[in-house]
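Position 265 of the sequence shown, counted from 1, bears residue number 270 in the working numbering, the numbering being contiguous throughout.
From the three backbone atoms N, C-alpha and C, an ideal C-beta is built for every residue, glycine too.
Notes for the one structure printed next.
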Amino acid sequence: MVVYEGTKAEFINDVDLNLITDSILKRFKEIFHRSTGESEINSWRESTLRMRGVLADSEIPDNAGVAIEFNIPHTSKRIDFILTGYDKNKKNSIIIIELKQWKHVEAVEGKNEIVSTFTGKAIREVPHPSYQVWSYASLIKSFNQDVYDKNVGLYPCAFLHNYDLADDDPINSEQYKSYIESAPMFGTKDFVELRNFIKKHITEGDNKEGIYIIENGKITPSKMLQDTFISVLKGNKEFVLIDDQKIIYEEAIRIGVSALSSCLNNEKSVLIVEGGPGTGKSVLAINLLKEFLSIGLNSFYVTKNATPRNVFKSKLKIDKMSSLNNLFISSDNFYDCKQNSYDVLIVDEAHRLNKKSGFYSNLGENQIKEIINASMFSIFFIDENQRVTLKDIGSVEEIEKYAKYYNAGIYKMQLESQFRCDGSDGYIAWLDNILEIRETANFDLDNTYDFKVFENPNELRNAIIEKNKKNNKSRLVAGYCWNWIKSGRNKTDIHDIEIPEYNFGMSWNLDNSETWAIDKDSVNEIGCIHTCQGLEFDYVGVIIGDDLRYENGHIVTDYTKRAKTDKSLNGIGKIVKEKGREEANKIADTIIKNTYRTLMTRGMKGCYVYCTDKNLSEYLKKIIKLPNL
C-alpha cells in the first residue's frame with residue numbers, strides 16, 4: 006500500500022501549493038483507519054520540502070514515479086520515500102530512501118545495526134538508518150516475485166536532511182561500514198551527492214511503473230531464498246529430527262498443505278504443540294520453516310524475544326547481510342496486518358506472547374489474536390510452565406479462544422521425548438516436585454543427570470568455567486534479584502551481582518551482544534531469564550537469589566526481593582490494590598517458580614546451583630542425598 010503516489014512533477018507541484026501534507030494525511034486515514042500524531046505530520050511537512058529541493062534537478066525525469074509511505078506487504082514497516090524509473094539499460098530501477106530528522110547520533114559499541122539518538126522525547130537505541138533501509142530493500146527483493154523475476158534494481162539510501170555528516174562522525178563508525186556501503190547516507194550538505202546517486206540509477210522516467218511492481222507483485226519467497234535456507238540447514242546435526250519430532254513434523258505439513266488448499270474458503274487452521282524443556286520445540290519449528298518455504302509458502306519464524314532468533318541465525322551461520330534474516334521476525338509485527346497476509350506463521354516460545362506490541366506496549370490488542378488473524382496456518386509451540394513475566398499471556402486456553410473466534414480448525418499435539426537433562430523426564434518431574442510447582446512421584450533424583458549444590462558461588466563459577474573449556478557450551482545464570490546497574494556497558498568490570506561474604510562479584514550479560522548464549526567470552530558474564538529462555542547448554546550454573554527460600558518445610562517465594570530493575574513483575578502493585586495481596590502473592594509465586602524451573606532446565610548434561618538462602622541449600626543437598634561440596 007502506498008499512501009501517496011504521483012510523478013516527480015506532480016509531487017513538486019503538490020509541495021509548492023502546500024497540498025502535500027494534507028494529501029498524505031487524508032490517504033493515511035483511509036488506509037489505516039486512524040490518524041497520526043502531530044510529530045509525524047510535521048515530519049512529513051519538513052521531509053517532503055527537503056526532498057522537493059533534492060528533486061529540483063532538470064536531469065531527474067519529470068515522469069519518474071514518486072511514492073511516500075509505502076507499507077511493505079505483510080509487514081508493519083513503511084518506506085518513507087521511493088523514486089522509480091529506468092536505468093541506462095532500460096531496466097526498472099527503484100530508489101528507496103529512509104528520511105531522518107536527526108541532529109546527533111552516538112554509536113552503540115558491539116551492536117553493528119544499532120545507534121543511539123534522541124527520539125520519542127528520550128535518548129533511545131534505534132536501527133542505524135543504513136541498516137534500516139537496506140533491510141527494507143532486502144525484504145522486498147526476497148518476497149516480491151515481480152521484483153526478482155524482472156530483476157528490478159533496488160537501491161537503498163538514507164537522507165539525514167538535518168544532519169551535518171562528517172567522516173569521523175559516530176554514525177560513520179567502522180562497525181556500520183558494511184551497511185553504509187550497501188545503503189549510503191547523505192546529510193544536510195549532500196544535496197548534490199544525493200542527486201548524483203539518483204541520476205546514476207534513474208535516467209528515464211517510468212510513469213510510476215516501478216510503484217505498480219512493488220505494490221502489486223505477488224508476495225512469495227523467492228527461489229533463491231528457498232534454496233539458500235535449505236542449504237544452510239542441510240547437514241547441521243543440531244537440527245536433525247528424531248522420534249516424535251518427526252511425527253509432529255509430518256502431521257504439521259499435512260495440516261498446513263490442507264489449510265492452504267482450502268484458502269479459497271477462508272478456512273484457517275491452528276496447530277498447538279505442547280512440550281516441556283528440551284523436547285525439541287525450536288528444532289521442529291526451524292525444520293517446519295524450511296519445509297514450508299521449499300513448497301513456496303510465505304512462511305516466517307516468530308518469537309517475542311530477539312535472543313532465540315539471533316542464536317539460531319548464528320547457529321545456522323546466517324550472515325548479517327543475508328536476506329535469510331527476514332525469515333526471523335518479532336511477534337510485534339502483526340498488530341496492523343490484514344487478514345491472511347501470511348501463509349504460515351511458526352511461533353516459538355508462544356508462552357511469552359504479550360497483549361500489546363511496540364516499544365511502549367501500546368499497539369494492537371492481543372498478539373495471539375493478531376497472529377491468527379494474519380495467517381492462514383499458525384503453529385504455536387508452547388510450555389505454559391515457562392511463563393515468566395506478568396505480561397506473558399501465552400496459554401493453550403488463550404490460543405484456543407482466538408482460534409474459535411476466527412472459526413479456525415484446531416489441532417493439538419504433544420512433544421514427549423526429552424533431549425535435554427540427559428534425556429531424563431525424571432529430572433524435570435523431580436524439579437517440579439521440589440519447587441512445589443506440581444506434585445509428582447519423583448522424590449529421588451535420577452542419577453543419570455549431574456545435579457550439584459555448591460556452598461560457595463566462586464566454586465560454582467569455577468566449575469562452570471571448567472566445563473565450558475570443552476566446547477563453549479556451559480553458562481552461568483541467576484534469578485533477577487540484583488539490579489542491572491547500567492545498560493550499554495561493554496566491559497565486565499562493573500559487578501551487578503555481588504555476594505560480599507564470599508567476595509564474589511560478576512556482571513549481568515553485557516548489552517553489546519545479541520548472542521550471549523554462544524559468545525566466546527560470555528561464560529564470564531551471568532545471564533538472566535530473558536537471555537537464555539528457549540536456549541540450551543551442556544551445563545548450566547544457577548545462582549538462586551532471596552526470592553526463593555525454604556521455610557517451615559516448604560518452598561516460598563518473595564517478590565519483594567526481586568531487583569528494582571526487573572520488569573517481569575511490573576504491575577504487581579496494581580494487582581495488590583485491585584485483587585489483594587494474597588492473589589498478588591499467588592501470581593508472583595507462579596512467575597518466580599517458573600523462572601527458576603526454566604533456568605534449571607537449560608542444561609542438557611547437568612545443573613549446578615548456589616543458593617543465597619542457606620535453608621534452601623541444605624534442603625536441596627538433603628533431598629538429593631549428596632555430601633557438602
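When rounded, the separation of the alpha-carbon atoms in LYS491 and LEU302 is 43 Å. Per DSSP, reduced to three states, the secondary structure at LEU88 is strand. In this structure, the beta-carbon distance from THR603 to GLN538 falls below 9 Å. Under the DSSP assignment, PRO161 falls in the beta strand (DSSP E) whose first and last residues are 158 to 165. Under the DSSP definition of a beta bridge, ILE531 partners with LEU481 and TRP513.
The C-beta distance from PRO134 to GLU118 rounds to 11 Å, too long to fall under 8 Å, and the pair is not in contact.
A straight line joining the alpha-carbon of VAL197 with that of LEU294 spans about 45 Å.
Boundaries of the alpha helix (DSSP H) harbouring PRO313: 311 to 320, taken from the DSSP string.
With 16 or more neighbouring CB atoms inside 10 Å of its own CB, LEU420 falls in the buried class. Across the set ILE291, ASN338, LEU553 and SER274, the C-alpha of ASN338 shows the shortest separation from the C-alpha of LYS360.
For PHE234, there is no enclosing beta strand (DSSP E); the enclosing alpha helix (DSSP H) has its first and last residue at 228 to 238.
Contact check between the region 151 to 163 and the region 210 to 229: three or more CB pairs, one atom from each, fall below 8 Å, which counts as touching. Residue pairing by DSSP places VAL547 opposite VAL482 and VAL614 in a beta bridge.
Judged by pairs of C-beta atoms under 8 Å, the region 375 to 388 touches the region 343 to 360, as three or more such pairs exist. Across the structure, ASP563 and ASN292 are spaced so that their CA atoms are roughly 40 Å apart.
Between GLU441 and TYR601, the alpha-carbon positions lie close to 12 Å from each other. The Cβ-Cβ distance between GLY414 and SER274 falls below 9 Å. Between the alpha carbons of TYR624 and VAL561 lies a distance of about 13 Å. Remark: C-beta atoms of PHE305 and PHE333 approach each other more closely than 9 Å.
A straight line joining the alpha-carbon of LYS417 with that of VAL307 spans about 19 Å. For VAL7, the secondary structure class from DSSP, reduced to helix, strand or coil, is strand. Judged by DSSP secondary structure, TYR306 falls within the beta strand (DSSP E) whose first and last residues are 304 to 308. For the pair TYR254 and ASP174, the Cα-to-Cα distance works out to about 50 Å.
Counting along the chain, the unbroken alpha helix (DSSP H) around ARG602 starts and ends at 586 to 604. Going by DSSP, VAL59 is part of the alpha helix (DSSP H) stretching over 43 to 60. CA-CA distance, MET229 to TRP49, rounds to 36 Å. The DSSP-derived three-state label of ALA127 is strand. Looking at the backbone, the Cα of ILE145 and that of THR233 are separated by about 17 Å.
In terms of Cα proximity to GLU256, the closest of GLY281, GLU503, GLY283 and LEU289 is LEU289. Along the length of the region 550 to 589, whole alpha helix (DSSP H) runs at least 4 residues long occupy 577 to 584, reported in chain order. ARG32 and SER81 have their C-alpha atoms spaced approximately 17 Å apart.
Rounded to the nearest whole angstrom, the C-alpha separation of ASN23 and GLY11 is 15 Å.
In the DSSP assignment, MET190 forms a beta bridge with ALA163. For LEU329, there is no enclosing beta strand (DSSP E), since its DSSP letter is neither H nor E.
The beta carbon of GLY210 lies closer than 6 Å to those of PRO66, ASN68, ALA69 and GLY90 in the same chain, with the five residues before and after it left out. Nearest in C-alpha terms to SER362, of all of ARG200, VAL157 and SER335, is SER335.
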